Amino acid sequence: MPHTPTPLTLKSLLVASTAIVGIAAATPAFAQEEAPTVIPIDSVTPEDLVDSATDVTGVGMFFRNDGFVCSGTLINPRTVLFAAHCVNDRAASDYGDSIAAAWSFGSNSLPGFIDWINNSFGSNPDLAVFNVAQVIYNAESLARPDGFGFLEGDVALSVLDTPAGNIPTWALLFSALPAPTSYTQETGSGYHVNLVGYGRTGSGTTGASIGIDWRRRAAENYIGALASIDDRNIFLFGNAFGDLPQNLYHIDFDDPTRTNPFDFDLFRGDAAPNEGATAGGDSGGPLILDAAGNAGVDEDLVIGVLSGGSRFFGPQVFSSYGTNGFYQPLYLFWDWIVENNPYRYVSTSGADGDWEDPDHWVTMLDPAFRVIDSNGDIVNGLPTDPGEGINDTSDPWGEICFAPTQCLTLETGVLAPYTGEGAAPGATVAADGTSNSLGTITLDGGPLPTRLPVSEDNPEYAVTGGSGSGAEPGPASALPPATLDNGLPGATGFVADNINATSTSIGRYFDVTLSDGTTRLSSAVEIDRLTLAGSQAGLNIAASGNLTSLIEIMHQSGTMNVDGTLSSWGDYLLMSGLLTGSGTINTPYLTNIMGLIAPGGLGEIGNLTVNGNVVLASASGLAIDVSPTSNDRFTVSGTVSLGGMLMINPVDGYTPRYGDTRSFIFAGASADGFTNIHDLPGALRPTFSQANGVVSFAIEADPLVDQAEFTNYFQYNLAAALDGGRAASYDDLAEIYGLVDLLEDGYLTAAFDSFSPYETVMFDRSARAQVNALSAALRGEIGGRFTQAGAMADVLASAELHANGMASSVNLSGAKSLFRQPAAESGSRPDAGWRAFGQIGLIQGDAGLIAGAGRFDIDGGFTLMGIEGFSDSGWSAGAAIGLAQSDGGAPSSVGYVATDVSTTQFSAFAGYQTENWTLAGYVSHSSLESDGQRRLATGSTSRLQQDGDATGGGAEVTYRGWTDQPLRIEPTASLEYTDFSFDAATSTGGAASLTVGSRSVSSLLARVGATGSWNAFGVEPHVYLGAAQDLGDGDGVYSASFTNAPSVAFAAPGALTLDHMWFETAIGFEKTLSNGAVFSFNHQREISRNYINQAVTSIGFSLPF
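Counting along the sequence shown from 1, when you hit position 828 you're at 827 in numbering that gives the first Met the number 0, and nothing is skipped either side.
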């Protein structure tokens, strides 16, 4: 609105109002900082500062095939923002029909335009040239005659027929810049701006003296004022010369030396270091509030569109020192821009739904739109009130000066003396010219002069009628409900599917972001860009679906399933997330950065085809499902560059096996290799190979001995045997390899335990216990009833095992004979006769397996029966038969192993007694049988039936010289030898069947001790204490081989060292009846013997006849 300066009255302070939407910003692509000049100061040549540092910045050149040129700014891939006067000399429908037009975005736009003409007005993104499909200009630019078609409402949009997806786009500020808090002579308002365009050039003195050369130039300046032309003219001339109340952003072209006679410092402020102005051909170019020159501004923002410039003296040339340039503020036309912009950013409601459902979609806030919020921050948002357009009621700001006399502060209306160093005008100021900065050019005849200036006295445009005549009502104070047409965010009731613009019909182009929920597509759809972003987001393209994304596909996260067709003119970038399906993807490059590609689907066999090239980056993944009969296929028409992680995923019951090979990539060519291959469980290791574009994997195996920490020699030696036999015996033991190759750590050691012949070790231990129990019972009976012979059943003595695996056949021989009570006084001899005897007992305890395998339980019993004859000369002799049986159960750490062991023993014995000594001996032979079962890791049960025998004998001597005391002490010593022999045997169990080797071991036991006995209440209690040591050769080595592959053999030592000395104790009693029969009870244990922990409890009888 105009303001008339009054030196006598100060105007009240006016603050420009700013509409604000506090919405978080989504930063779009925007140009690099420009290198200045358009029309530079005299000290810089235009050639030196052509803006070529960055070829394509998003500021482009407009060319009509009737010769007119302008500049403009790309605000999204389909839309260029520029000036209405570049096109409003004709009906908008003429463009794309009778008038062809294009935008070229290179720093040198000429190659693009030449290609466009030679290509029948076709777009060529590679040269950054794009054909115009539609032009939309603001009708307000023609609404009032005083506007001359460019002084107000001068904004327009140009719609491209091909998306400029590879061109940077710019952010737009839809809030008015607030009035500065102060002005300085150095920088004026302090708002630093960049000016960019493709127009004429020259110098500060000569103005636009050099014609258009198709090259982009840039300069810098400071905004002088946000004010109307009326405000300016009233200050300078005392008359508005029309009705132009709309505010504009103004700049002036300051002479750095202040020597130019036409530079009167129109807007306070000195020249910037690279000061410049605009000229013909720059029309429509952006006024850029740059981040580098403005505190609190984090990105370059377009705040206005260039309309034209003014000169103020008759001799003065346009675009020279002292001239004025002005821009249409975007905040006045923001809603017009939003509504007529054909590009829509859309998403879904967040719930699962069909693409074809209009209620599934919602419009989003355009990420290029900015406002200033209530905190003064620049954020992504829209104003809360409609733009006022040419009916602008916002307050102006700035300082308008006429050096060297005075300046007017527009906010206050205060006139003050000029304090700068401006030069005195060299001519009389006059309202003699305002140019619209439009340019003309021909491709074949070289640059032409710019379009003739339009003056207020002689307007080029004669506008009659229309809504521009008369006063206009102010805009509504509230925004309408959001619709697809008005472009406000939150609209629904549409389907995201491009509608191409024509010269007469509005286009709609969609940038789709899927951030939540799964969208299902079953029809043919075209959009400009697709972004999949959100871990819970998904797009499922059915077999009948066909989606084309013209610019690119940005897959940031979430799941994309393609069973139909997915196409993109640009690349498919898989940043993260999952890509599945059995359809076709058409794209120049599918680049997998950190995502996972799974043809078919995870756990589902399929064939995913890419017509294009594929790059698998180092952090990417490719998952290939493999079934017993087929596998995923990844078909690529171009070259696949391998990298990242290859994952082999068994499905449908497939078990990976050593030696398996499959082909899974079929490409035109392949290069490089996978960074990593995900290991299969256990020893199996996939490797890959490639030839003629076909990529295959083969399964190899690492050593089994490296797959676990083994705890015993059976485990380790079995692993080593399988490693050694893999090449020659894999087929024979395929069931075994197929299982163990997939196991590791504790699972692998458990499987090896199940394949190890622990039952033969348990047979050895149990047989020893039974033989020694029977032999001990026999030794207790030798020497005749006259000795009360019936030794304590030394059952486990020689059967007990060292913790290191060695067995002993030594028992507590003579223990019971030391408990005997003489039948006559010392020195007397009994009469000759016979007796029958017997014992029955329990065997309970546990024994060690091989080193590291733990201990197993023994639970059984024995029976001994015999007859003995004796003479009155001290000799006795007899024979006996014994039976024993025990069950063994292995510890859970080695799995289920159980044995049932039995022994049948035949013995002969003899003894001799003197007055103080007793000497006795025996020989025996035992037949051994074992029936063992072992549960295999394959799920079946192995059975091993094994035989053996034991042959041995022993002798003992006892001193009885101290038996005439109340407490009788009888020392004893013994030496016993046993030889065990175990036959070879073969177990059941299919592929896990083992042939167990035969083995022989011997034991030699030395023992000393003493028994104390006494009479009490008609019975004879007794206690034995002694020490023993095994001097034998241990229990040897346990060996086995697989029945189906005899060369795959393994073994484990049963012991490393013999037991050291241990101690023995026993307690019991005897009861002699009146008829001479004797009943006895005995219980014995061992102390500090780590090989075996066993207790024997027995009862016996002796019956003379």
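The beta-carbon is built from N, C-alpha and C at its ideal position, and this holds for glycine as well. Quantities reported herein were computed from a predicted structural model and do not represent experimental measurements.
In angstroms with no decimal places, state the Cα-to-Cα distance between arginine 63 and glycine 667.
For this step, residue 63 is matched to residue 64 along the sequence shown. For this step, residue 667 is matched to residue 668 along the sequence shown. Whole-angstrom Cα-Cα distance: 45 angstroms.
Which ranges would you report for the beta strand (DSSP E) in the stretch 1059-1097 if only whole runs of at least 3 residues count?
Here the runs fully enclosed are 1061-1071 and 1077-1086.
On the criterion of 16 or more Cβ atoms from any shown chain inside 10 Å, does leucine 339 qualify as buried, or is it exposed?
Taking the sequence shown and counting its residues from 1, one reaches residue 339 at position 340. The sequence as given places asparagine at residue 339; leucine does not occur at that position. Buried, because 16 or more other Cβ atoms sit within 10 Å of the Cβ of asparagine 339.
For the stretch 74-119, which segments carrying the beta strand (DSSP E) assignment without a break, of at least 3 residues, lie completely within its bounds, in sequence order?
Segments of the beta strand (DSSP E) lying fully in the stretch 74-119: 78-81 and 100-103.
Would you mind reading off the limits of the alpha helix (DSSP H) that contains aspartate 230?
Within the sequence shown, numbered from 1, the residue matching residue 230 stands at position 231. Secondary structure note for aspartate 230: its alpha helix (DSSP H) is the uninterrupted segment 228-236.
Is the separation between the beta-carbon of alanine 127 and that of glycine 105 shorter than 8 angstroms?
For the purposes of this step, residue 127 is identified with residue 128 of the sequence shown, where counting begins at 1. For the purposes of this step, residue 105 is identified with residue 106 of the sequence shown, where counting begins at 1. Yes. Within cutoff.
Are tyrosine 326 and glycine 308 touching if we call contact CB-CB under 8 angstroms?
Numbered from its first residue, the sequence shown carries residue 326 at position 327. Numbered from its first residue, the sequence shown carries residue 308 at position 309. Here tyrosine 326 is not near glycine 308, since their CB atoms are 8 angstroms or more apart.
In terms of residue numbering, what span does the alpha helix (DSSP H) encompassing tyrosine 736 cover?
By 1-based counting over the sequence shown, the position of residue 736 is 737. That run of the alpha helix (DSSP H) goes 733-739.
May I ask you to report which of helix, strand or coil DSSP gives histidine 924?
Here residue 924 refers to the residue found at position 925 when the sequence shown is read from its first residue. Note: histidine 924 maps to strand in three-state DSSP.
Are phenylalanine 1100 and phenylalanine 1068 closer than 8 angstroms when you measure CB to CB?
For the purposes of this step, residue 1100 is taken as the residue at position 1101 of the sequence shown. For the purposes of this step, residue 1068 is taken as the residue at position 1069 of the sequence shown. Contact flag unset, no.
Quick one: which unbroken alpha helix (DSSP H) runs of 4-plus residues sit fully inside the stretch 623-685? Chain order, please.
Inside the stretch 623-685, DSSP marks no whole alpha helix (DSSP H) run of 4 or more residues.
Can you tell me whether valine 1007 is buried or exposed, with buried defined as 16 or more other CB within 10 angstroms of its CB?
By one-based count along the sequence shown, residue 1007 stands at place 1008. In summary, valine 1007 is exposed, with fewer than 16 beta-carbon neighbours lying within 10 Å of its beta-carbon over all protein chains present.
Which of helix, strand or coil DSSP assigns to isoleucine 389
If you number the sequence shown from 1, residue 389 lands on position 390. Residue state, collapsed to three classes: helix.
Would you be able to state if there are at least three C-beta pairs under 8 angstroms between the stretch 673-683 and the stretch 631-644?
With the cut-off at 8 angstroms, the stretch 631-644 and the stretch 673-683 touch.
Do serine 157 and phenylalanine 149 have their CB atoms nearer than 8 angstroms?
By one-based count along the sequence shown, residue 157 stands at place 158. By one-based count along the sequence shown, residue 149 stands at place 150. Contact: no.
Since threonine 748 is in the alpha helix (DSSP H), which residue starts that stretch and which ends it?
The count along the sequence shown starts at 1 and reaches residue 748 at position 749. Counting along the chain, the alpha helix (DSSP H) containing threonine 748 begins and ends at 744-753.
Nearest-angstrom Cα separation, counted from asparagine 232 out to glycine 210
Taking the sequence shown and counting its residues from 1, one reaches residue 210 at position 211. Taking the sequence shown and counting its residues from 1, one reaches residue 232 at position 233. The alpha-carbon atoms of glycine 210 and asparagine 232 are separated by roughly 30 angstroms.
N- and C-terminal bounds of the alpha helix (DSSP H) containing valine 337
Here the question's residue 337 lines up with position 338 in the sequence shown. Membership of valine 337 in the alpha helix (DSSP H) is indicated by the continuous run 333-339.
Using 10 angstroms around the beta-carbon of proline 480, count the other beta-carbons present and answer buried if the total reaches 16, otherwise exposed.
Within the sequence shown, the letter at position 481 stands for residue 480. Exposed, because fewer than 16 other Cβ atoms sit within 10 Å of the Cβ of proline 480.
Taking the alpha carbon of glycine 692 as the point to measure from, which residue in Ala622, Gly637 and Gly486 has its own alpha carbon closest?
Indexing the sequence shown from 1 puts residue 692 at position 693. From the listed residues Ala622, Gly637 and Gly486, the smallest Cα separation to glycine 692 is found for Gly637.
How would you label tyrosine 895, buried or exposed, when you count the other beta carbons within 10 angstroms and need 16 or more for buried?
The count along the sequence shown starts at 1 and reaches residue 895 at position 896. By the C-beta density criterion, tyrosine 895 is exposed, having fewer than 16 other C-beta atoms within 10 angstroms.
Along the beta strand (DSSP E) that carries leucine 171, what are the first and last residues, could you check?
Against the sequence shown, residue 171 aligns to sequence position 172. Looking at the DSSP string, the run of the beta strand (DSSP E) that includes leucine 171 is 170-172.
Please tell me whether alanine 909 has its Cβ less than 8 angstroms away from any Cβ of chain C.
Of the protein chains in this structure there is only one, and it is not chain C.
Of the listed residues Gly602, Leu607, Met559 and Val614, nearest to aspartate 570 (C-alpha basis)
In the sequence shown, residue 570 corresponds to position 571, counting from 1. Nearest of Gly602, Leu607, Met559 and Val614 to aspartate 570, Cα basis: Val614.
Cα-Cα separation, threonine 898 to serine 885:
Start at 1 with the first residue of the sequence shown, and residue 898 comes out as number 899. Start at 1 with the first residue of the sequence shown, and residue 885 comes out as number 886. C-alpha of threonine 898 to C-alpha of serine 885: approximately 8 angstroms in a straight line.
Quick check on leucine 176: does DSSP put it in helix, strand or coil?
Locating residue 176 in the sequence shown gives position 177, counting from the first residue. Three-state DSSP puts leucine 176 in coil, outside helix and strand.
Does the beta-carbon of asparagine 118 have 16 or more other beta-carbons within 10 angstroms, so that it is buried, or is it exposed?
Counted from its first residue, the sequence shown places residue 118 at position 119. Exposed is the call here.
For isoleucine 1091, count the other beta carbons within 10 Å of its own beta carbon; 16 or more makes it buried, fewer makes it exposed. Which is it?
The residue labelled residue 1091 in the question sits at position 1092 within the sequence shown. Flag for isoleucine 1091 reads buried.
Considering serine 765, what are the terminal residues of the alpha helix (DSSP H) in which it resides?
On the sequence shown, position 766 is the one that residue 765 refers to. Element bounds for serine 765: 757-778.
Quick check: what's the CA-CA separation for isoleucine 540 versus arginine 519?
The residue labelled residue 540 in the question sits at position 541 within the sequence shown. The residue labelled residue 519 in the question sits at position 520 within the sequence shown. In this structure, the alpha-carbon of isoleucine 540 lies about 6 angstroms from that of arginine 519.
Please report the Cβ distance between glycine 910 and serine 872, rounded to the nearest whole angstrom; I am assuming they are in contact, meaning their Cβ atoms lie under 8 angstroms.
By 1-based counting over the sequence shown, the position of residue 910 is 911. By 1-based counting over the sequence shown, the position of residue 872 is 873. With a Cβ gap of about 12 angstroms, glycine 910 and serine 872 do not count as contacting.
For proline 649, tell me which candidate among Phe633, Phe663, Arg632 and Pro627 has the shortest Cα-Cα distance.
Reading the sequence shown from its first residue, position 650 is the one you call residue 649. For proline 649, the closest of Phe633, Phe663, Arg632 and Pro627 by C-alpha to C-alpha distance is Pro627.
Please report the distance separating the alpha-carbon of glycine 599 from that of valine 609.
Along the sequence shown, one-based indexing puts residue 599 at 600. Along the sequence shown, one-based indexing puts residue 609 at 610. Spanning the two alpha carbons is a distance of roughly 13 angstroms.
Glycine 1025 lies in the beta strand (DSSP E); which residues open and close that run?
Within the sequence shown, residue 1025 is the residue found at index 1026, counting from 1. 1019-1029 is the extent of the beta strand (DSSP E) around glycine 1025.
The ligand MN heavy atoms versus the CB of alanine 772: any closer than 7 angstroms?
For the ligand MN, the structure offers nothing, since it holds no ligand at all.
Between serine 581 and aspartate 562, is the Cβ-Cβ spacing less than 8 angstroms?
Taking the sequence shown and counting its residues from 1, one reaches residue 581 at position 582. Taking the sequence shown and counting its residues from 1, one reaches residue 562 at position 563. Yes.
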